[in-house]
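K.L.:
Okay, handing you the structure first.
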Amino acid sequence: MASSSSYTSPCAACKFLRRKCMPGCIFAPYFPPEEPQKFANVHKIFGASNVTKLLNELLPHQREDAVSSLAYEAEARVRDPVYGCVGAITFLQRQVERLQKELDSANSDLIRYACNDIQSSLPAPPGVNLVHPTVPTRQRHEGEIFYQTPSSFQFPYSPLPWNESPSGGGGNI
Amino acid sequence: MMKGGHEPRSSGSCAACKFLKRRCSPTCLFAPYFRSDEPKKFAKVHKVFGASNVSKILAEVAEEHRHDTVNSLVYEAEARLSDPVYGCIGAIAILQRKMVELQQDLDVARTRLALCAAGVSPLSLSSRMISFW
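Protein chains in written order, with the working numbering: chain B, 10 to 182; chain W, 332 to 464.
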């Protein structure tokens, strides 16, 4: 009689930890045996015990995203032990600041064009000096960016603990 | 009457050694970066990374980079504790979206400027005209 039991390869975590991969192993759904480096990185940076505790605190449907983000952070830290993925955050923040400044500048130029346009289209009453019109702010409409309110981007994370740009860069996102 | 030869008990343990309830040696790797008046800093890093892993990471980097290393580890730990699912990857996602949005806005503004420079009245510009150009 043929055996109906099927052999399941141990997950990457249990292979790494050299233990039996039991049914219900918390790592098995997220660390397949074909991706050994993923668990190796996560283990190196966070440790198996911390990852187990973290996953146990989450709902099952949240665990895949949590493991993906942990794996990303761990890989970033292995590549850049000094800054890890915080290097990417710093890089992106500077890009956002630069783009916002450029946009503010472009919008200021557009306002100047508009003001000149309004002025030149109005006939000047005799004996009265024209005053620059106050251009009211408008809501941004899709595809119709005339001008924006000044930088109002609220970044909902703690400020980074340094002012200078870290050398880690972050362009590998 | 003073006792002779009695060495005073060290009260200079760093936050890490206080947390780990061990003697803080003069060569303690954590001491320069986890002062005793900042206990929460080490607690966060320990919870997310573990003391042993932090010690290995610090030992791998050159001494002049260790302050920045600890700062980035603390930042990551805080992000992970406030968002256990995404950690600071959430921050990266927000920033990437913001960058794309700003770049699109900038492209539109620059197109409008080019039209204005070519003599098109800015007051007559519409989204349709931008799409055409």
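The beta carbon of each residue, even a glycine, is placed where N, CA and C say it ideally should be.
Report yes if the CB atom of P45 of chain B is closer than 8 Å to the CB atom of A75 of chain B, and no otherwise.
P.N.:
Locating residue 45 of chain B in the first sequence gives position 36, counting from the first residue. Locating residue 75 of chain B in the first sequence gives position 66, counting from the first residue. No, these two residues do not count as a Cβ contact at 8 Å.
K.L.:
Using a Cβ cut-off of 8 Å, pull out every chain W residue sitting near F55 of chain B, in sequence order please.
P.N.:
Within the first sequence, the letter at position 46 stands for residue 55 of chain B. In chain order: V379, F380, G381, N384.
K.L.:
Flag A21 of chain B as yes if its beta-carbon sits less than 8 Å from any beta-carbon of chain W, otherwise no.
P.N.:
Position 12 of the first sequence, counting from 1, holds the residue named residue 21 of chain B. Closer than 8 Å: no.
K.L.:
Looking at the structure shown, is Y89 of chain B part of a helix, part of a strand, or coil, going by DSSP?
P.N.:
The sequence position of residue 89 of chain B within the first sequence is 80, counting from 1. It should be noted that the sequence gives Asp, not Tyr, for residue 89 of chain B. If DSSP states are grouped into helix, strand and coil, D89 of chain B belongs with coil.
K.L.:
Within the 8 Å Cβ cut-off, does Q128 of chain B reach chain W?
P.N.:
Walking along the first sequence from the start, residue 128 of chain B turns up at place 119. No, no contact with chain W.
K.L.:
Does DSSP classify A445 of chain W as helix, strand or coil?
P.N.:
As a position in the second sequence, residue 445 of chain W is number 114, starting the count at 1. If DSSP states are grouped into helix, strand and coil, A445 of chain W belongs with the helices.
K.L.:
Applying a beta-carbon distance threshold of less than 7 Å, which residues of chain B neighbour E391 of chain W?
P.N.:
Position 60 of the second sequence, counted from the first residue, corresponds to residue 391 of chain W. The contacting residues are P90.
K.L.:
Does S130 of chain B come out as helix, strand or coil in the three-state DSSP assignment?
P.N.:
The residue labelled residue 130 of chain B in the question sits at position 121 within the first sequence. DSSP places S130 of chain B in helix when its eight states are reduced to three.
K.L.:
Do you know how far the Cα of S18 of chain B is from the Cα of F361 of chain W?
P.N.:
As a working note, residue 361 of chain W is residue 30 in the second sequence. As a working note, residue 18 of chain B is residue 9 in the first sequence. So the two alpha carbons sit approximately 40 Å from each other.
K.L.:
With distances taken from CA atoms, which of W:L389, W:S367, W:K378 is nearest D89 of chain B?
P.N.:
Working through the first sequence from its first residue, we reach residue 89 of chain B at position 80. Here the closest residue by C-alpha is W:L389.
K.L.:
Just checking, does the region 375–383 of chain W make contact with the region 394–413 of chain W on the three C-beta pairs under 8 Å criterion?
P.N.:
Contact holds: three or more Cβ-Cβ distances are below 8 Å.
K.L.:
Residues of the region 428–452 of chain W with a CB closer than 8 Å to any CB of chain B: list them in chain order, please.
P.N.:
Answer in chain order: K429, M430, L433, Q434, D436, L437, V439, A440, R441, R443, L444, C447, S452.
K.L.:
Compute the Euclidean distance between the alpha carbons of L433 of chain W and G343 of chain W, then round it to the nearest angstrom.
P.N.:
Indexing the second sequence from 1 puts residue 433 of chain W at position 102. Indexing the second sequence from 1 puts residue 343 of chain W at position 12. Each residue's alpha carbon lies about 50 Å from the other.
K.L.:
Kindly list, in the order they appear in chain W, the residues whose Cβ is closer than 8 Å to that of N116 of chain B.
P.N.:
In the first sequence, counting from the first residue as 1, residue 116 of chain B sits at position 107. Within 8 Å Cβ-Cβ: A440.
K.L.:
If you follow the alpha helix (DSSP H) that R411 of chain W is part of, which residue opens it and which one closes it?
P.N.:
In the second sequence, the residue the question calls residue 411 of chain W occupies position 80. Note, R411 of chain W: alpha helix (DSSP H), 397–413.
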